[in-house]
Amino acid sequence: MSSTSRGSSRTTVSRSKATPSPSAAAATGSASGARPRPSDKLNPKTIDPFAEPQRSPSAFAAIYSKGGVPCRLVHGSVKHKLQWERLPETIQFDPVLVTLAEGLKETRHPYTFVSQEGFKELLMVPGAQQKALPLLPKLAVALKGALVHTDDGVFERGLNGLVQLSAVVGPSLNIHLKNLLTSLSKRLMDKRYKEQVTTALQKLEQYGGKESLGIIKSKIPTYSSICS
Numbered sequence: 001m002s003s004t005s006r007g008s009s010r011t012t013v014s015r016s017k018a019t020p021s022p023s024a025a026a027a028t029g030s031a032s033g034a035r036p037r038p039s040d041k042l043n044p045k046t047i048d049p050f051a052e053p054q055r056s057p058s059a060f061a062a063i064y065s066k067g068g069v070p071c072r073l074v075h076g077s078v079k080h081k082l083q084w085e086r087l088p089e090t091i092q093f094d095p096v097l098v099t100l101a102e103g104l105k106e107t108r109h110p111y112t113f114v115s116q117e118g119f120k121e122l123l124m125v126p127g128a129q130q131k132a133l134p135l136l137p138k139l140a141v142a143l144k145g146a147l148v149h150t151d152d153g154v155f156e157r158g159l160n161g162l163v164q165l166s167a168v169v170g171p172s173l174n175i176h177l178k179n180l181l182t183s184l185s186k187r188l189m190d191k192r193y194k195e196q197v198t199t200a201l202q203k204l205e206q207y208g209g210k211e212s213l214g215i216i217k218s219k220i221p222t223y224s225s226i227c228s
């Protein structure tokens, strides 16, 4: 064999040793990727305790998203309003009015606006008294939930809803009044709400008649009657 042939053969062998096959390279890469890095021990994966957890939708939000409340929020340049899918007077109060009352506990937009405005507007339709009377036990429970809520905005919406309901059903609400006044007596001690709660109590007395005064005084002895 010539010296030229021997040199060429040695060069070919050297190249084959220096360059690994594709399968060998893949195996090496896989093995190196599987090995833990020193930094993994120094920086283990942790859960951020300050990260805001994903909140599941509330019952009202779920019902609203499925069309259970037949109205939608319309954003205006000056103020918002509700657009009903059909005439409010044709809407079944059971369960829509109860759902709206339960929605008064919401703290996120647009549910806060939809619940309070929808509750108010339904109570303004002709025949609202007859439609609301059978639902008073459920409505009282829903309003109680808003009145005892720690969020100030929720309490205010619950207080407004209570006065609105009292204006419609009158003395029929008295049977539930004592249970609803507990949170009002507590808020009455807060200077921020003293005037607002006092005004609400006066409305409850006005709409509830003479019987309501005794109920109010039993829970809030310092209350002064509008007739005194």
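Everything in the sequence shown is counted per UniProt numbering, starting at 1 for the first residue and increasing by one. Heads up, the beta-carbon is just placed ideally off N, CA and C, and yes, glycines get one too.
_Less than 8 angstroms separating the Cβ of Ser-58 from some heavy atom of the ligand SAM?_
The ligand SAM is not among the ligands present in this structure, which contains no ligands whatsoever.
*Have a look at Pro-49 and Val-148 and give me their C-alpha separation to the nearest angstrom.*
Confidence in Pro-49 is poor, its pLDDT being 44 and thus under 50, which makes the residue's placement unreliable; the coordinate value appears in the next sentence. Between Pro-49 and Val-148, the C-alpha separation is close to 29 angstroms.
*Please state whether DSSP places Val-154 in a helix, a strand or coil.*
helix
*List the whole-angstrom C-beta distance separating Lys-219 from Ser-185, where the pair is believed to meet the contact cut-off of C-beta under 8 angstroms.*
About 6 angstroms; that satisfies the 8 angstroms criterion.
*Tell whether a beta-carbon distance below 9 angstroms holds between Lys-203 and Ser-166.*
yes
_Beta-ladder partner(s) of Leu-147, from DSSP_ = Leu-147 pairs with nothing; no bridge assigned.
*Identify whether Arg-72 lies in helix, strand or coil by the three-state DSSP scheme.*
strand
*Does DSSP classify Lys-79 as helix, strand or coil?*
coil
*Is Ala-27 helix, strand or coil by DSSP?*
Any reading at Ala-27 must be qualified, since the residue scores a pLDDT of 47, below 50, and its modelled position is unreliable; the value itself is stated next. Three-state result, Ala-27: helix.
_Length of the line joining the Cα atoms of Glu-85 and Gly-103_ = 19 angstroms
*asked:* Do Pro-88 and Glu-117 count as a contact pair if the criterion is CB distance below 9 angstroms?
replied: It is not a contact, given that the beta carbons lie outside the stated cut-off.
*Rank His-176, Leu-133 and Tyr-111 by C-alpha distance to the C-alpha of Val-73 and give the top, closest one.*
In the sequence as presented, Val is not what sits at residue 73; that position holds Leu. Checked all of His-176, Leu-133 and Tyr-111; the closest Cα to Leu-73 is Tyr-111.
_Alpha-carbon spacing of residue 258 relative to Thr-222, whole angstroms_ = Lying outside 1 to 228, the shown extent of the chain, residue 258 is not represented and no answer is given.
*Euclidean distance between Cα positions of Gln-164 and Ser-77*: 27 angstroms
*May I have the straight-line CA-CA distance separating Lys-79 from Phe-155, to the nearest angstrom?*
Roughly 22 angstroms between the two C-alpha positions.
*Residue environment, Ile-216, which counts as buried when at least 16 other CB atoms sit within 10 Å*: buried
*Can you give the Cα-Cα distance for Gly-67 and Phe-113, rounded to whole angstroms?*
16 angstroms
*On the premise that Leu-162 lies in contact with Leu-135, defined as a C-beta separation below 8 angstroms, what is that separation, rounded to the nearest angstrom?*
Between Leu-162 and Leu-135 the Cβ distance is about 14 angstroms, and since that is not below 8 angstroms, they are no contact.
*Proximity to Lys-81 [Cα-Cα], best of Ala-101, Ser-115, Asp-94 and Gln-92*: Closest by alpha carbon: Ser-115.
*Hey, could you find the ends of the alpha helix (DSSP H) Lys-210 is sitting in?*
210-219
_Spatial neighbours of Gly-209 within its chain, please: C-beta separation below 6 angstroms, excluding the five flanking residues on both sides._
Pro-171
*Can you tell me the Cβ-Cβ gap for Leu-100 and Val-141, rounded? I've got them flagged as a contact below 8 angstroms.*
In fact, because the Cβ distance is near 14 angstroms, the residues do not count as touching under 8 angstroms.
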